[in-house]
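Each remark here refers to the structure printed beneath this line.
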Ligand code: NDP
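In the numbering used here, the protein residues as written are 30 to 320.
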């Protein structure tokens, strides 16, 4: 096996966003996303900025509510209530993580399911599990989109997802199951992680531990999708996969940065568009397209 082909998330996301921009224009709508950012987590500040920039390119309007890290739960719930009511706001995103004194679940559950563009509200999670069309979490959807760019059928393939968070690991395992993969979900208590991972035709890691996945954990010819974003002491950003060690074994790999990250943002904008379309269809909002 030679060197793995790189799945260029940046390019794939750029193409996706270009099509999305055309779709938004064609539909004559002006999707609006409200982003709630509580506190000054440096990584979150960068993510929100990236989302704003990309949204502008695509034709999604972003309104950012940057609240103090000391904000009370009541205050944030009131803001969510107000955004739920506004007919010009189609999507509401609570940037995670929130400061420790806040319970993210309470806040997420307050977002109207139709505006929950992160797909984390229990109603949307339930709909997804019941195969009812709904808003699906952005990162898992982005991962699946990247995997589907590879000219290899998914049916019957063995997939291992490392990580079981509500944001990434769990929904992704479910999406792969829907694609008829045979799915194993690994986590921090998994025994012999390397051995489990080395069974995978498709290996996805969403952990947050640099270089957790080395050569021993990868089957020859596997597709490796690295969701992890880790900042090393020297400032370098890396994923969960030891890229150099694995690139001679895998057939396809995503880089970090430039892999799953850009696709996550693209899917957030797609969900905002979908939410806007849905709300307009339901007669909740008729916004003329503004050029
Ligand atoms: P969480 O911390 O919520 O979940 C991490 C998961 O990894 C948990 O299920 C945990 O297991 C598991 N885990 C932790 N340590 C190990 C280990 N040593 N071996 C096996 N499993 C382990 O993180 P998220 O899911 O939110 O994010 C995961 C990573 O993905 C992070 O690096 C994050 O920055 C990145 N990320 C990237 C995005 C992108 O767009 N590229 C978007 C979202 C996240 P357990 O459940 O047992 O605790």
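All C-beta atoms, glycine included, are put in the ideal place defined by N, C-alpha and C. Being a predicted model, the structure only gives us computed values, none of them experimental.
ask   = What is the DSSP secondary structure of residue 320, counted as helix, strand or coil?
value = As a first step, residue 320 is located in the chain shown; it is residue number 291 there, counting from the start. A caution first: residue 320 carries a pLDDT of 32, below 50, which makes its placement in the model unreliable, though a value can still be read off. Here residue 320 sits in coil by DSSP.
Three-state secondary structure assigned by DSSP to residue 315 = Residue mapping note: residue 315 aligns to position 286 of the chain shown, counting from 1. Its pLDDT being 39, under 50, residue 315 is placed unreliably by the model, and the measurement read from it follows with that caveat. If DSSP states are grouped into helix, strand and coil, residue 315 belongs with coil.
query = Can you find a heavy atom of the ligand NDP that lies under 7 angstroms from the Cβ of residue 66?
reply = On the chain shown, position 37 is the one that residue 66 refers to. It does not: the Cβ of residue 66 is nowhere closer than 7 angstroms to a heavy atom of the ligand NDP.
message = Once the 5 residues before and after residue 209 are set aside, which same chain residues still bring their CB inside 7 angstroms of it?
response = In the chain shown, the residue the question calls residue 209 occupies position 180. Here the set comprises 183, 184 and 185.
Top-ranked residue by Cα proximity to residue 232, from 190, 215 and 245 = Within the chain shown, residue 232 is the residue found at index 203, counting from 1. The shortest C-alpha separation from residue 232 is found at 190.
query = According to the neighbour-count rule (16 or more other Cβ atoms, all chains shown, within 10 Å of its Cβ), is residue 319 buried or exposed?
reply = Here the question's residue 319 lines up with position 290 in the chain shown. Here the model assigns residue 319 a pLDDT of 35, short of 50, so the residue's position is not dependable and the matter cannot be decided.
key: Identity of the residues DSSP links to residue 84 by a beta bridge   = Counting from one through the chain shown, the residue named residue 84 turns up at place 55. Answer by DSSP bridge pairing: none, since residue 84 is not bridged.
ask   = Is it the case that the CB of residue 141 approaches a heavy atom of the ligand NDP more closely than 7 angstroms?
value = Taking the chain shown and counting its residues from 1, the one referred to as residue 141 is at position 112. Residue 141: no, Cβ never under 7 angstroms from the ligand NDP.
key: Three-state secondary structure (DSSP) of residue 124   = In the chain shown, the residue the question calls residue 124 occupies position 95. DSSP places residue 124 in coil when its eight states are reduced to three.
inquiry  = Suppose you measure from the CA of residue 306 to the CA of residue 57; what does that come to, to the nearest Å?
reply    = Residue mapping note: residue 306 aligns to position 277 of the chain shown, counting from 1. Residue mapping note: residue 57 aligns to position 28 of the chain shown, counting from 1. Whole-angstrom Cα-Cα distance: 10 angstroms.
task = Leaving aside the five residues before and after residue 87 along the sequence, list all residues of the same chain whose C-beta is less than 6 angstroms from its C-beta, in chain order.
result = On the chain shown, position 58 is the one that residue 87 refers to. Cβ within range, chain order: 46, 49, 50 and 298.
query = Do the region 268–287 and the region 226–245 touch if we need at least three Cβ pairs shorter than 8 angstroms?
reply = yes
inquiry  = Suppose the cutoff is 7 angstroms on Cβ atoms and the five residues either side in sequence are ignored; what does the same chain contact list for residue 261 look like?
reply    = Position 232 of the chain shown, counting from 1, holds the residue named residue 261. Around residue 261: 239 and 267.
key: Inside the region 121–182 only - alpha helix (DSSP H) runs reaching at least 4 residues   = 133–139, 151–158 and 167–177
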